[in-house]
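First the structure, in the form of structure tokens, and then the observations on it.
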Amino acid sequence: MIMIRKYTKGVILLGVVLSMGLTSCGVLNSKYKAPEIDTQDMFRGENPTDTTTIANIPWREYFRDPALQALIDEGLANNYDLRIAYTRIQQAEAGLYVAKSAYFPTVALGGQVTHTQVSKGPDGKERVLGYNGGDQWALGFVVQWEADIWGKLNSKTKAQYANLVSTYGYRNLIQTSLIANIATTYYSLLALDEQLIITLRTIELLQESTSTMDAMMQAGLLNRAGVKQSEALLRSTMVSVPSLENQIRQLENSLSILVGRKPGSIARTTLTEQTVPNELEHGVPAQMLAKRPDVLQAEMGFRYAFEMTKVAQKSLYPSLTLGTSSVGFASNTLSQFFKPTNILANIVGGLTQPIFAGNQLRGQLKVAKAQQEEALLTFEQTVLKASQEVSDIMYAYESSLRKNENRSKQVDALAIAVDDTKLLLKAGEANYTEVLNAEQNLLQAELGQVSDKLEQLQTSVNLYRALGGGIE
């Protein structure tokens, strides 16, 4: 009868503890739901319907220049930022492994030797209550385990998984940025090469014009002012050569460091060999941001905060633990240590409900909820900034394409003007200033044409990066 009463009291106590946990903490099974993105009018003036997007094109197909491909390969293998990102992935994978291991009990092998020396009694014999002291030997397994009855460990595991995915997003962000930086720097280098070629060619033409004007001055057909102005234009153009060469050298060094090598020369092709697509498919709005690493990172940050809020919430619930339990052998005689009669077992189980720590735990829950709200706002802000970046780049690319036709016609017209004014000068029907102006205008237009093509190439790279291209 006494045993029945004790059992009944245990059941009542268990029921009280469980009810306290459930009534104080609310619903357990809320599931994660990704934040929704309102793509309506996300991109100003853009209502794309084509589901094709350049972000799905492998970077080797998008960048077809063999020299550029070699540089990107080298950068992906050697870049320090990318290598650091890989170490972060390893750390996150280890964190997930640790979180998963919490599902299983911890088992340890423990051994103990106890020597007891008792005091001497009044009669001089070492005896206390009939025990004369001696050695006690013990060896066994020690087990600890917490049952995940509310899913707290499961939420921790999901949080670590979100952290792992976030580190992949960080790696992808570094990779897309690295590929884009290598490509834009490479194109800038090609543009400087082309500008140097145009400048050197212009110098040759100006030298011919100056020689022609000098001959005309000797023949009395032109005054000295015209010759000197032509010579001044020649010298002004020659001054830009060292500056261009210096910029080329600096870009070579920058590109070398970017791909993880010592500063040096860069093997490359020419700007004229680079093709600019007439249209870049960017996909429907939902696709435009789907592959962006920063958006993925922000979402995983929100998911991590969501799961940690659940952990804080479930910390208010009672926990069922298998305490420091053990099984093994214990004996005061080593020679008889492993006899079945010396088997020792100790099992300790417990169910605990936080009471006095409740305010602290509820405070932690409030902090977790505030962090979750912060993560959600960060995600929404990231999406807005991403949509702005993509929208700006798309418009910049379209604007750069509109320059093509007019710039080409300008260069063609100025080239004809230079030839015609030279002929008119020789015929005495034009003055030297018309020739100088035409030559200077042609130089500026040709340099502008190079800048236009560089802008188109770099904008196409930026759009590829902004849409999350380069991740394989």
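For this note's numbering, add 10 to where a residue sits in the sequence shown, where the first one is 1. Where is the CB? At the ideal position from N, CA and C, for every residue including glycine.
Inter-residue spacing [alpha-carbon to alpha-carbon] between residue i and residue j
i    : j    : result
Y407 : S470 : 7 Å
M30  : M318 : Only weak support exists for where M30 lies, its pLDDT of 39 falling under 50; the value from the coordinates is given anyway. C-alpha separation (whole angstroms): 22 Å.
N451 : L424 : 7 Å
K376 : G478 : 35 Å
N441 : L435 : 6 Å
Q185 : V421 : 39 Å
V445 : M404 : 40 Å
A44  : N164 : 18 Å
Q170 : T97  : 16 Å
L24  : L326 : Here the model assigns L24 a pLDDT of 37, short of 50, so the residue's position is not dependable and the matter cannot be decided.
K301 : N472 : 14 Å
A427 : A242 : 21 Å
R475 : R259 : 26 Å
D224 : N233 : 9 Å
T63  : I189 : 18 Å
N66  : V460 : 29 Å
Y178 : E262 : 31 Å
E309 : Y90  : 26 Å
T392 : Q381 : 16 Å
A104 : Q374 : 26 Å
R70  : A277 : 18 Å
D75  : Y180 : 27 Å
Coarse secondary structure for residue i, derived from DSSP in three states
i    : result
L32  : Bear in mind that the predicted position of L32 carries a pLDDT of just 41, short of 50, making it too unreliable to give a figure here.
T1   : Any question about residue 1 goes unanswered here, given that the chain covers just 11 to 482.
W69  : helix
I403 : helix
G480 : coil
P45  : coil
R74  : coil
N416 : helix
R302 : coil
S176 : helix
G85  : helix
G311 : helix
S40  : coil
G438 : coil
Y171 : helix
G161 : coil
S325 : coil
A378 : helix
A95  : helix
Exposure of residue i, with buried meaning 16 or more beta-carbon neighbours within 10 Å
i    : result
T282 : exposed
D462 : buried
N256 : exposed
P328 : buried
K162 : buried
N88  : exposed
K395 : exposed
G274 : exposed
G311 : buried
I22  : Unreliable positioning characterises I22 in this predicted model, as indicated by a pLDDT of 36, which lies under 50. A coordinate reading is not provided.
K41  : exposed
E384 : exposed
E204 : buried
R245 : exposed
K324 : buried
Proximity winner among the options, relative to residue i (alpha-carbon distances)
i    : options                   : result
K166 : Y197, A102, I94 and E482  : A102
Q370 : A322, K272 and T388       : A322
S397 : L299, Y171 and S266       : L299
K238 : Q217, L254 and Q382       : Q217
I94  : F389, N182 and Q307       : N182
S410 : K432, Q468 and A87        : Q468
N414 : L244, Q466, L254 and S250 : Q466
L453 : S325, R70 and I213        : I213
L306 : L386, L106, E204 and G85  : L386
L433 : E71, I207 and S219        : S219
R417 : D83, K379, T388 and E456  : E456
K419 : G458, E390 and D75        : G458
M248 : V269, T209, R271 and M226 : T209
Proximity test, residue i beta-carbon vs the ligand ATP heavy atom, cut-off 6 Å
i    : result
L199 : Ligands displayed in this structure: none; no statement on the ligand ATP is therefore possible.
Taking only runs of the alpha helix (DSSP H) that begin and end inside the region 231-293, which ones reach a length of at least 4 residues, in chain order?
234-268
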